[in-house]
Each structure stands twice: as C-alpha cells, then as structure tokens.
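According to mature numbering (1 follows the signal peptide of the UniProt record, and there is no 0), the sequence shown holds residues -20 to -1, 1 to 919 in order.
Scroll down for the structure; my scribbles are underneath it.
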Amino acid sequence: CSRQLSLAMPSLFCVAVSHGLESQLATIKSESRLKHLLQRLPSYCPESMNELWICINSTLPGSSRKSDGWVGLGCCELAISAECRRDCKQASSKTDITRVCKKDTEKPLHSCITKNEMGSLCCSYAGRHTNCRDYCQAIFRTDSSPTVSQIKAVKEYCQSISPELIGCVGNYTKSYPIRSPIDSLYCCDRADEPHCQVACRRILRTMTTEHEIMEGLIDECGSQPLPQDPLWQCFLGSAHPPTKSEMETSPTAKMDGAKLHCCYKANTSLCRLGEISTNWGTQTWQEFDQMCEYSPVEKPLVTCLADVREPCQLGCKDLGYCTNFNNRPTELFRSCNVQSDQGAMNDIKLWSNGTIKMPFMNIPVLDIRKCRPEMWKAVACALQIKPCYSKSRGSVICKSDCVDILTQCGDRRRFYEGQTAERICEILSPIDDPERCIPLERYLTPSNLGNIIDEVIHPCNPNPCPSNQLCEVNRKGCQPGQDCLPYFCVPGCKLGEASEFLVHVDARIQVPMRNGHAGCFEVCTCGQSGRLDNCAEMPCIDTSKTCVVGGQRKNHGSSFRVDCHPCSCFAGETICSTRQCLSAESSDEDRRLFTGLPCGCPDRFVPVCARNGRTYPSACVARCMDFKDDQFVFGHCRSSDPCSPSPCQRNQRCIANRRVCLTDMADYPCPQFECVGRPSGCDKSHVDPACDTDNVEHPNLCQLLLMSKTLSYMGHCQDACKRARPVCGHNGETYNTVCEAYSDRVAVDYQGRCHAVGAVAEFASDSGCDMIPCPALSTPGCIPVTPPGACCPLCAGMLQILWNKEQMKVFAKVRTQPVTVHDILRILRLHISVPQCDIFGYLSIDSEIVILIVPVDQQPTPLQIEACSMEAEKIDSLINYGSPTLVSHVPLSAFLTSDVSISTIRSTGYPSSSASSLPIVLCLALGLVLILVPSIAEA
C-alpha cells in the first residue's frame, strides 16, 4: 500500500497547483490521509481541467513524457560497470541504456537520471528568471539530500515567480526526509581499510553538514566519491531501495515491522502477508481497499492497521469545522487534527453534489444542505476525526443512525435495483452496539465541559516533536532556572525503513520474519544510530495449533473464560490464570471456608520472601506458587539488606536494587543489588532526581553516589517523607515512607506496616482487613476498585494481565538477564499520555501482573479520574487486540489477555474545579511531578 502511494507522489503537486490544496498536502504525513485524497481526485478535479490531468498522467508510473533533450549524460560517471558507463555516454535517450544498465544494479545512475528529469521539468517553470532557475537546479545537482538552505533559497527566489515550480520542488524534496549523519553509520563497515572505518564513524558522529562529511571522508579514506567504491556505493544508494542481497542481510530493509504484525491478523489469503508482498505489481491500493479494508471479515486486520497509522489518543480540541468534537479531553480519537477537520468539510462539499462515492459503491442522496445537514456534518466529522471506543476501536457509525439518515435523505429514485437503506448500512455499518460503533447523537451538540484546559492536558497530542523523534510526557521536571516543558522529544527508531512507527532508543522490539511464515519473529534493539540492529532470531511459534476447551476448538491467540479464570490459547496450549473460584452451586459451608487464596491457604499473614523478590503472605502461598522451602525465607523482602555483607568487589559500591522477577530463577537469578563503579564524574545535564537518606535532593543518582550518599528513593525530596512513617503497598510490602513506595512504582494501600491478607477473589473472606482503617476516597461519589491482595479501595483504572511464562523465559534468554515488573512498568508508562495520571503495578500472589493508573492529584476531579480510567481501557484494548503499537515491545509481547476495572463517578457532569487543578499546573511548572495521593498528605 505504501509503495503504491510513494509511486503516486509525483502527481500530488499537480493537485496542489491546480486546485489550491497546497496547505492541505504540505501537512499530510500519513499514507491514509494521502490515500483519502487520491481516492477523491475525480471528485475534486473534473475532467475539464485538462492541464491538471495532463500533468498527472505524465507523472504517474508507466506513463511516458517527451523530453526536450537527453538529460542523463551528466550521470554517466556514476555507473558502476565500465560497459554501462560506455553505453550511457553514447545514449541519446533513457531507453537506450536500460538494456545494459539495469536498475537493480545501477541504482546511483538511474537515480541521477530521474533527478535530472525531474529537475528539467521543475526548473522549466522558472522561464527567463535566471536566479530562480539556478537555485532550482542546485536542488537536483547533488547526490545527497537537498539541504535546508537550498530549499529555503528556492522559496525566497521563486515564490513570487512560479507557484508551479515551488510545488514541483516541494514534491521532490518531500521524498528526501531530513536524515541524521548517524543514519549512515552502517556504511562505514563497507570501507576496505580499518583506519577508514574508524575515521568514518568518527566523522559521522562529530560533523553535521554534508560538505564537512564528504571532505572528511575523502581526506581520511583517500578515495573519490564514486559508486564503484563499496563505501561510496552505500552512501550514494542509501536513500534508494536495497538490492536483493541487501534485503536478505538487512532485517528491516524496506519493510514495516508494525504492519507485518497486522498482516498475520488477516482472515483471507488475499489480504495476508504473502499475497500482498508478492502481488504489489498488479494489486493496487484501491483493490486492497475494496478487498480488505472494507471487508467485514477483515476487521482485525483493519483495526490493527488503524492502530499503526493513527493510534487512539485522548483529547480533541481546536477544530474549526467539527466544533462539536472539541473539549473532549477524556475521549479517544484517532485523527483529531486540522487535516481531518478540513477533510470533513471537503467531504460535505463533495456529498452536496448528490452522490457519496465509496471504493465499491456510490450512494445517491438528496440535497444534504437541506436534509438533516447537522446529521451529515456529524457523519463526515466522525469518519474523519475517528472516535475510537475500547471494545472495537473502529471508526464505524452505528447502523441505526446509518439507516435513519439514508431512509430520510437517500435518493431512492437513483438507488440500484434491490438497493435499500438497510442493505447499504448492512455493508457499511453492520454494528448497532453503542460500545462498538459511533453514536452520532453524542456529536450533534457541543461538549458539556466547556473550555476546560487545566484539569486534563495532552502535551503530546498533537505531536510537537520532529518526525524522527517520539514525544514523552515529562514526569521528571527540570533543573532550577531551566524552562520546563511538559514533554520531552527523544530519539527513536522506525520499525523498518518503510515504517512511520517509532520506538524508543534501546527498546527491544519483536518484528515478524520476512519469510512470510506466521509465528516466526526476531528480536531487535533500537540502536543509537536510529536503526533496529543486533537482531536475534526467535524460535517459531506454531500458530496453526488449536486448543480444545469444553469440546470447542479455540484458535491460537483467542481469549476466553473457564469459570472465573481468564484463559488464552497459545500454540495449542491453554494458559489460564490461577485465580481461586467459587461456583454458583457452592454450598454455604464452601463459601464459609473459602479464603480465595491459592491452594485454599488460610488468610493468616506470616510473610515470606521468595527468591523472585516477591513477598508472599505465607509459606503456604509460596509453596502453592511452586517455590520450594529452600527458595524462600521468613520476613518481608525489604526487611533484609542485600548489601550486607557486600557481594561486590573492593573497587565497587553495592546499591540495593530490589525487583520482582518474572522469569525462571534457575536460569537467570534475581539479584536484589547492583555493583557500580565509584564515579569520577557525572552528566550534570541528565535530570532524574534522587533523594538521599538525609533528605537532600540530587540531580541524578550518579551525583548522589559521587557525594558518597545513600539513596532513599528516586524522585524529588518531599517534606512529608523526611522521617519514617511506614506504609503498606498493594504488593504486601512494607515501605519506610510513602515516597519509597512510589519510587518502587507501588501505590499505597494503608498507613502502617502490612499485617493483613487482602481479598484476591470475588467471594473471598475479608476478615483479615476488618481492623484496617482505610483512608477516605480521594473524590466523593467515586465508585472505586480494590486491587487483588489489597484491603482498601481507591479511585483508579486497573488491569489484571495474564502472561506467558515460557515466552518471558525466551526473552530473558535473549537479553541474558531476568525480566522484571519494573521493565513492564517502564514501557507501559510511556503509553500514559496524560500527566494527571501515573502508573503503578505489582505481581499478584497468583502471578497476574496488576497495573494501576491513578490520578496524581491529592483530590482529583471527576474528569481526571475518568481520564485515568480511559487510559486503562486504552491499554487493555491494545493488549486484548494484540496491537503492534504495544505488543511488539519486548517483554510486553508475552501478554496474552487483560481484564479491566475502572472507577466511575456517581454524579453526572464534570464541573470544572480550578482550585483542584492549580496544584497540577504548579507541579508541572516546577517539575515536581511526584505522585501525591491522599496518603502522603496524611503522612
């Protein structure tokens, strides 16, 4: 699909020039938006626009265009073979050299010819204006990407002379994304001499301009920039498609790892990876639309592709046309932006002509300017802005709305024979569940929230960062005296050269193998160069195996319930939680004796510390979780000092690094300490506050150790945590202060030391918690959730995740170290887009991963509680649908299924509370984004 769109790119400037769509095209970044525009070209641009269609036909693939002269002679020296160079110099046209100079082996030559042809066309618009023509030609006279200064010069000298030239050059330069020099580090390995390889890496890391880099490489390597040299061949060809041999050696060459994940979700062979990858020569993106993207049986594929192209994000604002979608900070949308807003207005104009044109049908309608105009506006805006709900995340309006509007406004006189409103809607909108489709009534009137901007903000929506960087919510703050933005822009890697989806540097990513076999993956690392590298092939998973449950077959990847257990089928194995259940037929005596704990253990709290770093409420529970007697000791895990006696060498310092491991301890031990060298210096610009045991704050942990201090907790020092006030975390662990608990990413259950076993099952006895004084709920009217093993409820969103232990073990083997709960939380935290919410989590005593998304304010507003609940529902749906935006991350790809529980507010409406939102604004401004829930106020 992306390949077809890239081939169509040369025609886009024609549309811009001839129909005044320059501003819309200039901001288009996603293929789906380009596709939307291209689909509607015949409607935007009638056949009477001869100049436009001549332009389009001359630039589409396969067309021929007469040239004023042979423009390829200056490229002949770029030919790799002597025979090709000879034929090139003797040629009088491009066709004369194609017999000897094949495109796949002579990429620099053909690229140069194509650029010359494009330059000849673009610069011809300059007419007699010499300066404009010279600056235009400079764009096309380089073997590398056009520089910013070159592009700026063309705009300055040609803007008033020829808009056509600006559009033509703009279309060309868009195909050359701004590249960092380190993107080409891999080319250094092609140099023959070791000293040249070393110099090449040094030059690319230290020099910024192309001129400096070229001169440096020529001086150090002693060779001219001709493609016959393997080093220069790599540099000159790095912007072009790789050869077959490169495809075989480069794990991410010209592929989109995120979309490859989606291809395996196709239900028909036509839409699967193998068919699509081998038939792009004949299958166009229009055909893919008709056969796959609008096919009801391909809903998993379509939803997955939508997640990759336009992930669901909280919040919508600043729309000028679809104004009823504004001020909705706790609703999920895929495409709330100016382009979609403009697209909805354009759709209404097209539909006003009397026909709604779809890829596979035309729907005749009456004059929509008179028949239900507000309803039609809601339809156009909904299809463009794309609200997405947790249970389907699709962008389909509800069937009842579809039937209603077509019954009233469909032009039945022009319907095809047998066509009715019901039959049309059965194809377009077959769903009528308001939790799985878009109810238009919601968007017929403005939001009742007014213009609330402080209670819930979205720093990364719209994305303020460059296209090669990710936006990350700033939860660490800034050093005194520095400007403090609520977000960071951090470097990332694309999931393949053809991908627009980015992951963080150092992230481990699981991508499908290119052999086309479902279930075969490799794990790669996002390197500092901005590329996926260090790939390790994983054992293939047999996705054809099914599970038999209750006499019914379950496909690989499907989730279901057995009694109260969430289960999943994985490669023929049924994996279920170990929750304890009571059936409806259980007797009163059964219920009286039921504790809800694993193996029916009594609810006595006599804690033991297992070798995975987790505190269990009793030896009985630890044994039930397969720990032998010599694999746990009595007492809390945090009650012992892992650095006494010190296990480190004399020149090292031991630091307690307590963690809970998710992998088999026999293969990968779970040490609770870390040996670090004594630092001689620290990066003062690195901000990650650390508080020592004297309640003195340091910019980062390195600075703290440099001062020979002892870490108390990560984060800003808080006055409330100056002295020890023990609290019990949801993981059954006692912490000296609430700050220590939050630093461990554990939320607080109640004040004081842990001394009770909380409920872990629906019908469990709560006698152990009877004597626990729970804090008041943070917000009156909140319907709370109670985490497994906790005594006290809280206002939050909660996930209980079932995961695959064998997969987790494989990932540990790849990284040669254990996988921890902190690893999970660190990655999931990046998916929480609202600064007013933060994430906590722990391993439950029955081995589920429990995630809590909690408001950060002491007294959160109903809107903030709803935002945290929506963040939980968003992540829950990504897990259950196996979205590559989440589960391509290792170790999150071991997630099987998730249960979500959310807090709601009994009262209706969401009144703004400027008083309660003020602490958050100040907190963000000062960089004090430590979690301040009610218990810290009481402390």
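Glycine included, C-beta positions come from ideal geometry on N, C-alpha and C.
Whose C-beta lies closer than 6 Å to the C-beta of residue i among residues of the same chain, with five residues either side of it excluded?
i, result
"arginine 308", "Cys296 and Ser427"
"cysteine 734", "Cys708, Gly712 and Thr714"
"valine 588", "Tyr596, Ala599, Ala602, Phe612 and Phe614"
"cysteine 579", "Cys604"
"glutamate 228", "Confidence in glutamate 228 is poor, its pLDDT being 41 and thus under 50, which makes the residue's placement unreliable; the coordinate value appears in the next sentence. None."
"asparagine 441", "Gln293 and Gly295"
Using a threshold of 8 Å, state whether the C-beta atoms of residue i and residue j are closer than that.
i, j, result
"lysine 279", "glycine 374", "yes"
"asparagine 326", "tyrosine 423", "no"
"alanine 736", "cysteine 749", "yes"
"alanine 360", "alanine 324", "yes"
"aspartate 722", "glycine 695", "Note that residue 722 is tyrosine in the sequence shown, not aspartate. It is a contact, given that the beta carbons lie within the stated cut-off."
"leucine 294", "methionine 271", "no"
"threonine 310", "leucine 810", "no"
"cysteine 848", "alanine 776", "yes"
"proline 439", "threonine 865", "no"
"tyrosine 467", "valine 485", "no"
"glutamine 632", "glycine 661", "no"
"cysteine 641", "valine 799", "yes"
"valine 676", "glycine 457", "no"
"aspartate 818", "valine 830", "no"
"valine 483", "glycine 476", "no"
"isoleucine 763", "threonine 884", "yes"
"leucine 420", "alanine 358", "yes"
"serine 447", "lysine 366", "no"
What residue does the alpha helix (DSSP H) around residue i start on, and which one ends it?
i, result
"leucine 325", "Checking the sequence shown, residue 325 turns out to be methionine, not leucine. Residues 318 to 331."
"glutamine 632", "Careful: glutamine 632 lies outside any alpha helix (DSSP H), inside the beta strand (DSSP E) at 632 to 636."
"proline 88", "87 to 104"
"valine 790", "785 to 795"
"glycine 237", "237 to 243"
"aspartate 879", "No alpha helix (DSSP H) holds aspartate 879; the beta strand (DSSP E) holding it covers 875 to 882."
"cysteine 361", "353 to 365"
"threonine 186", "174 to 186"
"cysteine 527", "No alpha helix (DSSP H) contains cysteine 527, which is instead part of the beta strand (DSSP E) from 527 to 529."
"glycine 117", "The identity of residue 117 in the sequence shown is glutamine, whereas the question assumes glycine. From DSSP, the alpha helix (DSSP H) with glutamine 117 extends over 110 to 119."
"asparagine 860", "842 to 860"
Between residue i and the rest of its own chain, which residues show a CB-CB distance below 8 Å, the 5 nearest in sequence each way excluded?
i, result
"glutamate 200", "His175, Cys176, Ala179, Cys180 and Ile183"
"phenylalanine 653", "Pro622, Cys623, Pro627, Cys628, Cys634, Ile635, Ala636 and Asn637"
"methionine 518", "Gln490, Cys500, Phe501, Glu502, Val503, Val790 and Val794"
"alanine 62", "none"
"valine 277", "Asn247 and Thr248"
"glutamine 449", "Cys469, Val470, Pro471, Gly472 and Leu482"
So that I know if they touch, is there some Cβ in chain B lying closer than 8 Å to that of residue i?
i, result
"proline 773", "No chain B is present in this structure, which holds just one protein chain."
Near residue i, which residues of its chain fall below 7 Å by C-beta distance, leaving aside the five closest residues on each side in sequence?
i, result
"glutamate 86", "Ala59, Ile60 and Cys64"
"proline 210", "Arg170"
"proline 891", "Reliability of the predicted coordinates at proline 891 is poor, the pLDDT of 41 falling under 50, and the value obtained from them is presented with this limitation in mind. So no residue of the chain qualifies."
Going by DSSP, what residue range makes up the beta strand (DSSP E) through residue i?
i, result
"leucine 299", "Note, leucine 299: premise wrong, no beta strand (DSSP E); not H, not E."
"isoleucine 829", "829 to 835"
"serine 539", "539 to 542"
"leucine 450", "449 to 453"
"glutamine 822", "Sequence check: residue 822 is tyrosine here, not glutamine. Here the beta strand (DSSP E) through tyrosine 822 covers 817 to 823."
"valine 867", "Where valine 867 is concerned, there is no enclosing beta strand (DSSP E), although the alpha helix (DSSP H) it sits in stretches over 864 to 867."
"lysine 337", "335 to 337"
"glutamate 553", "553 to 556"
"tyrosine 467", "467 to 474"
"isoleucine 343", "342 to 344"
"lysine 534", "532 to 534"
"proline 546", "545 to 550"
(request) Pick out the complete beta strand (DSSP E) segments inside the region 565 to 629, 3 residues or longer, and give them in chain order. (result) Whole beta strand (DSSP E) segments, 3+ residues: 588 to 590 and 612 to 614.
(message) Extract the residue ranges of the beta strand (DSSP E) inside the region 477 to 518, only unbroken runs of 3 or more that lie entirely within it.
(response) With a minimum length of 3 residues, the continuous beta strand (DSSP E) runs that stay inside the region 477 to 518 are 482 to 484, 488 to 492, 501 to 506 and 512 to 517.
(message) Under 8 Å: do the region 875 to 889 and the region 534 to 548 share three or more Cβ pairs, one atom per stretch?
(response) Because the criterion of three Cβ pairs below 8 Å is met, the region 875 to 889 and the region 534 to 548 touch.
(request) At 3 residues or longer, and completely inside the region 695 to 742: list those beta strand (DSSP E) runs for me, N to C. (result) Segments of the beta strand (DSSP E) lying fully in the region 695 to 742: 707 to 709 and 728 to 731.
(message) Below 8 Å, how does it come out for the region 667 to 685 and the region 559 to 570: are there three or more Cβ pairs, yes or no?
(response) No contact exists between the region 667 to 685 and the region 559 to 570.
(request) May I have a chain-ordered list of the beta strand (DSSP E) segments no shorter than 3 residues that lie completely inside the region 657 to 687? (result) As far as the region 657 to 687 is concerned, its whole beta strand (DSSP E) runs of at least 3 residues are 670 to 672.
(request) Please determine if the region 101 to 110 and the region 127 to 146 are in contact, where contact requires at least 3 C-beta pairs separated by less than 8 Å. (result) Touching, per the Cβ criterion.
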